[in-house]
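*Asks:* Numbering (this note's numbering), first residue to last: 1366 to 1661.
1) To the nearest angstrom, how far is the alpha carbon of residue 1319 from that of residue 1378?
2) Based on the DSSP output, what are the partners of residue 1416 in its beta bridges?
3) Beta-carbon within less than 6 Å of residue 1632's beta-carbon, same chain only, minus the 5 sequence neighbours each way: which residues are those?
4) So which of 1569, 1535 and 1522 has the shortest CA-CA distance to residue 1550?
5) Express the C-alpha separation of residue 1531 and residue 1448 in angstroms, rounding to a whole number.
6) In chain order, what residues of the same chain have a beta carbon less than 6 Å from the beta carbon of residue 1644, not counting five sequence neighbours either side?
7) What residue ranges within the region 1567-1615 form continuous alpha helix (DSSP H) runs of no fewer than 4 residues, ordered along the chain?
8) When we look at the beta-carbon of residue 1604 and count the other beta-carbons within 10 Å, is it buried (16 or more) or exposed?
9) Per DSSP, which residues does residue 1491 bridge with? Please list them.
10) For the beta strand (DSSP E) holding residue 1401, just list the boundary residues, first then last.
11) Rounding to the nearest angstrom, what Cα-Cα distance links residue 1517 and residue 1495 in this structure?
12) According to the Cβ coordinates, are residue 1506 and residue 1535 closer than 8 Å?
13) Hey, does residue 1621 have any beta-carbon neighbour from chain B nearer than 8 Å?
14) Any idea which residues DSSP pairs residue 1464 with across the strands?
15) Counting Cβ pairs closer than 8 Å, one from the region 1476-1493 and one from the region 1450-1457, do we hit at least three?
16) Taking just the CA atoms, how far does residue 1462 sit from residue 1541?
17) Since residue 1634 sits in a beta bridge, which residues does DSSP pair it with?
18) Given this structure, state the Cα-to-Cα distance separating residue 1414 from residue 1498, to the nearest angstrom.
19) Does the region 1418-1434 touch the region 1471-1481, meaning 3 or more C-beta pairs lie closer than 8 Å?
20) Is it true that the CB of residue 1420 sits closer than 8 Å to the CB of residue 1403?
21) Give me the Cβ distance between residue 1586 and residue 1625, rounded to the nearest whole Å; I'm assuming they're in contact under 8 Å.
22) Taking the beta carbon of residue 1565 as the centre, do at least 16 other beta carbons fall within 10 Å, making it buried, or is it exposed?
23) Could you please give me the residues that DSSP links to residue 1543 through a beta bridge?
24) Confirm, please, whether the CB-CB distance from residue 1594 to residue 1563 is below 8 Å.
25) Could you give the DSSP three-state label for residue 1469: helix, strand or coil?
26) Residues in the same chain with beta-carbon distance under 8 Å from residue 1511, minus the five sequence neighbours each way, listed in chain order, please.
27) If I measure Cβ to Cβ from residue 1375 and keep anything under 6 Å in the same chain, skipping five residues before and after, which residues do I get?
28) Quick check: the Cα distance between residue 1460 and residue 1627, rounded to an integer number of angstroms?
29) For residue 1386 and residue 1406, I'd like the C-alpha separation in whole angstroms.
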């Protein structure tokens, strides 16, 4: 897990940066996708790992507009447990622009699954790192659901868990997507954890070149995450995507600006054609967005 800020885990999060801007070092491609963000209400589960700052749908859409991103993917946040109602309703109301990744019990009924699919849910998240998520114990059940619904499985795991999980993930018959570069911090990039993630990605897994601010051991602009991000992009140029991780829950330090994180991606993926694929072509394919530019 990324190194703690030392902040009490239930002290309320600060608000996200209120002046998001586009990247300054390059121009976003048409149809760029933010593949990782959260909307958050004002009621949370009791057994949670942090207390969030509310993040309403309108604020997220405004962030997309301010940074020049065309599309967004909302991930069910752990503090809402398996109550996907805010996520579902937000995506359903913005199907031209949003998709969603849900967190559900492994025995959710067919009617509820169909409701999620109709609302724009395209995957399920398994989370072994924070309270409120569901882990990998019922992986076979979640795989079966995803096969039936045409979804993928998204994993938020600690880097140290990767070697033990790798054989199970390698056998999946649905796409696997790793959040935040597998939480492989720079000091772990050369270890078995880093090698395992690279091999999984080479063999067909997807990975989000996101969360650099979380896994970095350095101060902004987090240059120590660049080498491993470059290695991932080289390992799977058609299966890397990018996400803002807005509103940067449970971080507890100076809130990053989404535009600065896009500029970090520019250093991680300096080749313009490959970067455009990471930002637009790849995520459009994974999440089912139109492969053309957006008017947003």
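Built from N, CA and C at the ideal position, the CB exists for glycine as well.
Please read all numbers here as calculations on a predicted model, not as lab measurements.
*Replies:* This is what the structure gives:
1) Past the edges of the chain, shown from 1366 to 1661, lies residue 1319, and the structure says nothing about it.
2) The count along the chain shown starts at 1 and reaches residue 1416 at position 51. Bridge partners of residue 1416: 1377.
3) Residue numbering aside, residue 1632 sits at position 267 when the chain shown is read from its first letter. The residues are 1591.
4) Within the chain shown, numbered from 1, the residue matching residue 1550 stands at position 185. When only C-alpha atoms are compared, the closest one is 1522.
5) Counting from 1 along the chain shown, the entry for residue 1448 is found at position 83. Counting from 1 along the chain shown, the entry for residue 1531 is found at position 166. Using only the alpha carbons, I get a separation of about 29 Å.
6) Your numbering for residue 1644 matches position 279 in the chain shown. Excluding residues within five positions, the ones whose Cβ falls inside 6 Å are 1394, 1397 and 1607.
7) 1577-1580 and 1591-1600
8) To locate residue 1604, count along the chain shown from 1; it is residue 239. So residue 1604 ends up on the buried side.
9) Position 126 of the chain shown, counted from the first residue, corresponds to residue 1491. Per DSSP, 1520.
10) Here residue 1401 corresponds to residue number 36 of the chain shown, with the count starting at 1. Where residue 1401 is concerned, the enclosing beta strand (DSSP E) stretches over 1398-1402.
11) Here the question's residue 1517 lines up with position 152 in the chain shown. Here the question's residue 1495 lines up with position 130 in the chain shown. About 21 Å.
12) One-based indexing of the chain shown puts residue 1506 at position 141. One-based indexing of the chain shown puts residue 1535 at position 170. No.
13) In summary, chain B is missing from the structure at hand, where a single protein chain is found.
14) Your numbering for residue 1464 matches position 99 in the chain shown. The partner list for residue 1464 (beta bridge, DSSP) reads 1438.
15) yes
16) As a position in the chain shown, residue 1541 is number 176, starting the count at 1. As a position in the chain shown, residue 1462 is number 97, starting the count at 1. If you draw a straight line from the Cα of residue 1541 to the Cα of residue 1462, it comes to about 23 Å.
17) The residue you call residue 1634 lines up with position 269 of the chain shown. Per DSSP, none; premise fails for residue 1634.
18) To locate residue 1414, count along the chain shown from 1; it is residue 49. To locate residue 1498, count along the chain shown from 1; it is residue 133. In a straight line, the C-alpha of residue 1414 is about 10 Å away from that of residue 1498.
19) Contact between the region 1471-1481 and the region 1418-1434 is absent, with fewer than three C-beta pairs closer than 8 Å.
20) The residue you call residue 1403 lines up with position 38 of the chain shown. The residue you call residue 1420 lines up with position 55 of the chain shown. Taking 8 Å as the Cβ cut-off, residue 1403 and residue 1420 qualify as a contacting pair.
21) Position 221 of the chain shown, counted from the start, is the residue given in the question as residue 1586. Position 260 of the chain shown, counted from the start, is the residue given in the question as residue 1625. Indeed they touch by this definition, with Cβ atoms about 6 Å apart.
22) Here residue 1565 refers to the residue found at position 200 when the chain shown is read from its first residue. With 16 or more Cβ atoms within 10 Å of its Cβ, residue 1565 is classed as buried.
23) Counting from one through the chain shown, the residue named residue 1543 turns up at place 178. According to DSSP, residue pairing for residue 1543 in a beta bridge involves 1520 and 1572.
24) As a position in the chain shown, residue 1563 is number 198, starting the count at 1. As a position in the chain shown, residue 1594 is number 229, starting the count at 1. Residue 1563 is not a Cβ neighbour of residue 1594, given a cutoff of 8 Å.
25) What you label residue 1469 is simply residue 104 of the chain shown in a count that begins at 1. Coil at residue 1469, not helix or strand.
26) Here residue 1511 is taken as the residue at index 146 of the chain shown, counted from 1. Cβ within range, chain order: 1488, 1489, 1517, 1518 and 1539.
27) By one-based count along the chain shown, residue 1375 stands at place 10. Taken in chain order, the residues that qualify are 1416.
28) In the chain shown, counting from the first residue as 1, residue 1460 sits at position 95. In the chain shown, counting from the first residue as 1, residue 1627 sits at position 262. Approximately 24 Å between the Cα atoms of the pair.
29) Locating residue 1386 in the chain shown gives position 21, where the first residue counts as 1. Locating residue 1406 in the chain shown gives position 41, where the first residue counts as 1. In this model, residue 1386 and residue 1406 are separated by some 24 Å (Cα to Cα).
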